[in-house]
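So the mapping is simple: this note's numbering equals the position in the sequence shown, first residue as 1, plus 2.
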Amino acid sequence: MTKYLVTGAAGFIGRSIAAALLKRGESVRGIDSFITGKRSNLAGLEEMEFIEGDLTKPEDCARACKGVEVVFHEAALASVPRSVADPAGTNLHCVTATLNLLVAAKDAGVRRVVYAGSSSAYGDTPTLPKHEGMLPKPISPYAVAKLAGEQYMQAFNRVYGLETVTLRYFNVFGPFQDPTSHYSGVLAIFCRKMLAGEQPTIYGDGEQSRDFTFIENVVHGNLLAAAAPAEKVAGQMMNLATGSRITLNETFRILRELTAYSGEPRYAESRSGDIRDSLADIHLAEELLDYKPVVNFREGLKRTVDWYRESDALPPR
Ligand code: UD2
3 MTKYLVTGAA GFIGRSIAAA LLKRGESVRG IDSFITGKRS NLAGLEEMEF
53 IEGDLTKPED CARACKGVEV VFHEAALASV PRSVADPAGT NLHCVTATLN
103 LLVAAKDAGV RRVVYAGSSS AYGDTPTLPK HEGMLPKPIS PYAVAKLAGE
153 QYMQAFNRVY GLETVTLRYF NVFGPFQDPT SHYSGVLAIF CRKMLAGEQP
203 TIYGDGEQSR DFTFIENVVH GNLLAAAAPA EKVAGQMMNL ATGSRITLNE
253 TFRILRELTA YSGEPRYAES RSGDIRDSLA DIHLAEELLD YKPVVNFREG
303 LKRTVDWYRE SDALPPR
């Protein structure tokens with residue numbers, strides 16, 4: 003029997019969760035459509051049963067969920083600007099896909115679904131840190147889509163008794179994050195460019211801040227969420243982050259040391275749908291999951307730079 007399904011298994015976060023499960027000796031199935039996932043991310047996951055499939059197709063969801071006990075739902079089009087350019091595409095691959103997956107999970111008798119939520123749900127409110135009791139105020143189509151997924155999670159818990167757990171991620175970064183698209187996360191883009199000696203662009207004045215979360219913390223939180231007692235976590239939503247924030251300007255300075263890039267950033271107009279400051283209150287995850295970050299920002303950034311330096315994600319110079 004396959005115990006775990008990871009959606010988005012060829013994506014950055016999905017492949018990292020799958021790798022951790024395989025390392026523990028678990029039986030894992032992965033599904034990915036390769037819209038944003040990469041075949042090269044499956045390297046090292048040969049023990050995983052892999053389905054090339056699309057969650058917007060109910061039959062692919064049914065095939066993926068068959069015989070599974072726990073699902074990690076990481077598949078998404080994870081980008082604010084991408085959703086601004088194509089809101090319907092983001093809705094299809096984030097909302098419709100999530101609903102199809104939940105229906106298939108319920109029908110297949112899956113016990114628990116752990117869902118990748120997004121800090122974007124909090125919107126651009128000035129209150130910091132963001133805590134789970136705050137009213138959601140999504141300001142981009144992406145944020146709306148990720149929030150709709152959360153609400154489907156809660157509804158499927160209440161109505162069908164599925165054990166759903168939403169983890170609201172805050173700007174995850176680390177090895178295997180795609181640095182090649184202009185929809186990529188900022189740290190992946192900056193690492194790639196600065197290692198290649200290219201000038202990175204900062205949108206806005208660079209004083210916007212993020213609770214950048216190294217991937218190992220997210221993997222750790224997911225494994226805890228899968229194992230936590232249902233009476234504590236079923237139907238719950240919680241932040242998964244580090245509880246500290248840093249500006250883009252400061253991050254650029256640290257990256258300059260780590261990459262030996264000697265230039266200055268280029269400043270450009272702020273992106274629409276962008277949020278000024280983001281910082282998580284992580285007490286709820288501490289209480290419900292006994293979660294504590296395992297790798298701090300600087301160490302995570304160092305490991306990430308080392309990985310990009312050694313990987314072939316960098317284009318030839
Ligand atoms: C949002 C969510 C995050 C996650 C992500 C999708 C917030 C606070 N965070 O991230 O949790 O769901 O969406 O994967 O909503 N930037 C530059 N130069 C670049 C690229 C980006 O300056 O080349 C800026 C960008 O304008 C923003 C910051 O860097 O101010 C972070 O951008 P991002 O795309 O990495 O992530 P963000 O915050 O939209």
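The beta-carbon is built from N, C-alpha and C at its ideal position, and this holds for glycine as well.
Keep in mind it's a predicted model, so treat the numbers as computed, not measured.
Neighbour flag for residue i against chain D, beta carbons, 8 Å
i	result
residue 119	Note that chain D does not occur in the displayed structure, where there is just one protein chain.
According to DSSP, residues forming a beta bridge with residue i
i	result
residue 279	211
residue 119	170
residue 53	33
residue 114	72 and 165
residue 7	31 and 73
residue 132	282
Nearest-angstrom beta carbon gap, residue j and residue i [assumed within contact, 8 Å]
i	j	result
residue 247	residue 212	6 Å
residue 172	residue 243	4 Å
residue 115	residue 169	11 Å between Cβ atoms; not a contact.
residue 226	residue 144	With 8 Å as the limit, residue 226 and residue 144 do not qualify as a contact, their Cβ atoms being about 26 Å apart.
residue 63	residue 148	Not quite, the Cβ-Cβ distance comes to about 18 Å (not below 8 Å), so this is no contact.
residue 7	residue 73	5 Å
residue 222	residue 296	5 Å
residue 68	residue 241	Not quite, the Cβ-Cβ distance comes to about 32 Å (not below 8 Å), so this is no contact.
residue 15	residue 118	7 Å
Member of the options whose CA lies at the smallest distance from the CA of residue i
i	options	result
residue 52	71, 29, 72 and 312	29
residue 199	146, 266 and 208	266
residue 290	134, 216 and 272	134
residue 228	12, 11 and 19	19
residue 232	46, 49 and 113	113
residue 312	261, 132 and 102	261
residue 220	142, 7 and 287	287
residue 110	26, 5, 91 and 297	5
residue 71	81, 45 and 166	166
residue 272	283, 209, 66 and 25	209
residue 310	222, 192 and 132	192
residue 152	100, 47 and 137	100
residue 82	300, 274 and 73	274
residue 87	14, 48, 142 and 298	142
residue 26	49, 123 and 69	49
residue 124	263, 10, 295 and 283	283
residue 175	300, 162 and 263	300
residue 66	43, 92 and 32	32
residue 46	264, 162, 92 and 17	17
residue 189	250, 297 and 12	250
residue 196	264, 8 and 270	264
residue 85	161, 222, 223 and 122	122
residue 12	137, 180 and 230	180
residue 214	224, 230 and 245	245
residue 61	269, 91 and 102	102
residue 308	10, 9 and 194	194
residue 217	298, 93 and 285	298
**OP:** Say whether the region 28-46 touches the region 69-88, bearing in mind that this needs 3 or more beta-carbon pairs closer than 8 Å, one atom from each stretch.
**Re:** yes
Subject >> In chain order, each alpha helix (DSSP H) run of at least 4 residues that lies wholly inside the region 144-228 >> reply: 188-197
Subject >> contact_flag[the region 50-64, the region 94-113] where n(CB pairs < 8 Å) is 3 or more >> reply: yes
**OP:** Kindly confirm or deny that the region 183-193 and the region 149-159 touch, where touching means at least three C-beta pairs closer than 8 Å.
**Re:** no
Subject >> Contact between the region 198-215 and the region 251-261 (3+ Cβ pairs under 8 Å) >> reply: yes
**OP:** Could you tell me whether the region 122-135 touches the region 268-278, where touching means 3 or more Cβ pairs closer than 8 Å?
**Re:** yes
Original post:
For the region 302-313 against the region 222-239, are there 3 or more C-beta pairs whose distance is under 8 Å?
Top reply: no
Original post:
Which runs of the beta strand (DSSP E) fall wholly inside the region 236-275 and span at least 3 residues, in chain order?
Top reply: 238-242 and 268-270
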